[in-house]
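Have a look at the structure below before the remarks.
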Amino acid sequence: MPRAARTADTARSRAAATLRRSAGALSTAATAEMEATLPWYRELSAEERSWVGMILQAGVRGFVDWYGTAGEAGPDGHPRPRLEAPAEGTALAASVFGVAPRALAGVISLQQTVALVRAAFEAVDANVDSLLEPEGAADVRSALARYSREVAFATAEVYARAAEARGAWDARLEALVVDAVLRAEADEAVLGRASALGWTAQERVLVVIGPVPRRRSEADLFEDVRRVARAHEADTLCAVQGDRLVVLLGGVEADSPALGAVGELFGDGPVVSGPTAESLATAHLSARAALAGLRAAPGWPDAPRPVAATDLLPERVLAGDGHARRHLVEEIYLPLAQGRGALVETLAAYLDSGGSLEATGRRLFIHPNTVRYRLRQVADLTGLHPARPREAFTLQIALALGRQSGRPSSQEL
C-alpha cells in the first residue's frame, strides 16, 4: 500500500478512536440541539424522550463504527483502503431505529424522524473541529455527509414500505367491511373495523352499486371516490366485487349532491342507489335494494344515473323481487284502498281511459273536476301522480299486485 494511503488510514483510525471516546458527549450535544430547535421534541413525554435519546445514541454510534472500519483489517488481512457503503435500506435504518420500541412509530412522523437524524449528525459536525485535527475533521465531515444521506434514504424507504403495507392491509380490511354489510353481518367487530378506516358517520347511510370503470386501478378509483365524498362532507367505504363497484356513503340523504358526484365515477351502465339506512349496522337494507335494482335496471334503459332503487320498483317486481312486491302493495295499494273515497276505482278508470279526465268522468258518472280532485288525493297518499307516465306505470303495477294479494280495503272491513 502506498505511504500516502497508509498515512490516511492511520489518520482515520486516530479520528475514529477519538470519535468513539466522544460518542457520549456527541449524543448529549445532539439532544441539546433537539431541545433548542424542535418544538415537538419538548412536547414528548419523559419515556418517549428517552426513546429518542436511544435513537440518537444509536445513530452516532453507528456512524462512528462505520467510519472506523476503514482502518481495520479486511477479509484478506490488509487494511481496508476506503470507506465502504453503509448497510442498505431496511438493515441500515434498523441499526439506527431498531433500538426504539415499535410504539414510537405512532408518535414520531417521517418528517420528525428526518429532523431527528439531521440533529444527530449536525451535532457531530458542530463538534468535529474541537475534537480532531483539521485534516481529520475534513475527512469526517465528508464521511458524515455520506452516512447521513444514506440513513435518510433508508428511513424514507422504511416508511414507504410501511405505508404501502398499511395501505394494502386497509384495502383488505375495507373490502371485508363492505362484504359484511352486503351480507347483513355488520356486528360490533365490523363497526370497529370501519371506525379504524376513518368511518365516523353514525346515521344516514346509503349504498351505491354500479359497474367498475375500465382501465382504472382500484387504488386510483377509490381515492377519487373518497376525494369527491370528502368534498361533500360524506364518509365513504369502497370495494370491488367482480365487475361491480360498491360504495357506502355515510352522513348523506338520498337527494344529496354527493350521490350524483360519486355516480359519475362508475363505469358504463346503470348505477343504483339504495334507500337511506339508519346506520351502518342496518345498511344491508340499502344494499339489498340497490342490488335488486341493479339486476332489474336493464328494464328501464332511460333511467337516470344514479337511479334510486325505489324508482325501479316495477322492474324489480317483474324480476321477481318479493320486497318490491310487498312495498308496492303496502305502501301504494293499501293506502289507496283504505283511503276515503273511491280512489282505487277512480285511478283504475283513469289509467284504462288513457289518462283522459273527461272519459274517466263519463265512465264513473262524475264531473272531471271530481276526477282531478281524487287524482290529487292519490298523489298525496303515494307520492306518485297518475298524470306522469312513469309514475302511472308504477301505480298500474301496484293496482294489479294489490288485487292479486287479496288484501281488503276499508270498504270491505
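With my numbering applied, the sequence shown has no gaps in its numbers, which climb one by one up to 416 at the end.
Ideal Cβ positions, reconstructed from N, Cα and C, are used throughout, including at glycine.
Between which two residues does the alpha helix (DSSP H) carrying arginine 219 extend? From DSSP, arginine 219 is part of no alpha helix (DSSP H); its letter is neither H nor E.
With which residues is threonine 285 paired in a DSSP beta bridge? Looking at the DSSP assignment, threonine 285 forms no beta bridge with any residue, so it has no partner.
On the three-pair Cβ rule with 8 Å, is the stretch 349-359 touching the stretch 270-289? no
Given a cut-off of 7 Å, decide if valine 211 and threonine 276 are closer than it, judged by their beta-carbon atoms. The amino acid at residue 276 is misidentified as threonine; the sequence shows serine. The Cβ-Cβ distance between serine 276 and valine 211 falls below 7 Å.
Helix, strand or coil at alanine 242 according to DSSP, with G and I counted as helix: strand
Could you name the residues of the same chain whose beta carbon sits closer than 8 Å to that of arginine 196, not counting the 5 residues immediately before and after it, in chain order? For arginine 196, where only same-chain residues beyond five positions count, the Cβ hits under 8 Å are Leu176, Leu179, Val180.
DSSP on leucine 398, reduced to helix/strand/coil? helix
Can you find the residues in the same chain that come closer than 6 Å, C-beta to C-beta, to proline 78, ignoring five residues on each side of it along the sequence? Only weak support is given to the placement of proline 78: the predicted model assigns it a pLDDT of 47, under 50, and the value that follows is read from those uncertain coordinates. Cβ within range, chain order: n/a, list empty.
To the nearest angstrom, how far is it from the Cα of tyrosine 150 to the Cα of isoleucine 58? Spanning the two alpha carbons is a distance of roughly 15 Å.
Determine the closest residue to serine 133 out of Gly266, Ala174, Gln115, Leu22, with distance taken between C-alpha atoms. Leu22
Between glutamine 115 and the rest of its own chain, which residues show a CB-CB distance below 7 Å, the 5 nearest in sequence each way excluded? These residues qualify, in order along the chain: Trp43.
Answer with buried or exposed for arginine 319, where buried requires no fewer than 16 other C-beta atoms within 10 angstroms of its C-beta. For arginine 319, the number of other beta carbons within 10 angstroms of its own is at least 16, and it is reported as buried.
Between histidine 326 and the rest of its own chain, which residues show a CB-CB distance below 6 Å, the 5 nearest in sequence each way excluded? none
Using CA atoms only, rank isn't needed, just tell me which of Glu51, Arg52, Val67 is closest to glycine 27. Val67
If we ignore side chains and look at the alpha-carbon of each, how far apart do proline 389 and alanine 403 end up? Distance between the alpha carbons of proline 389 and alanine 403 is about 15 Å.
Classify arginine 247 as helix, strand or coil using the three-state DSSP reduction. strand
Pull up the DSSP beta-bridge partners for serine 276, would you. Its beta-bridge partners are Val211, Ala311.
Give the straight-line distance between the Cα atoms of glycine 386 and arginine 366, rounded to the nearest whole angstrom. 25 Å
Pairwise C-alpha distance: valine 249 and arginine 217: 15 Å
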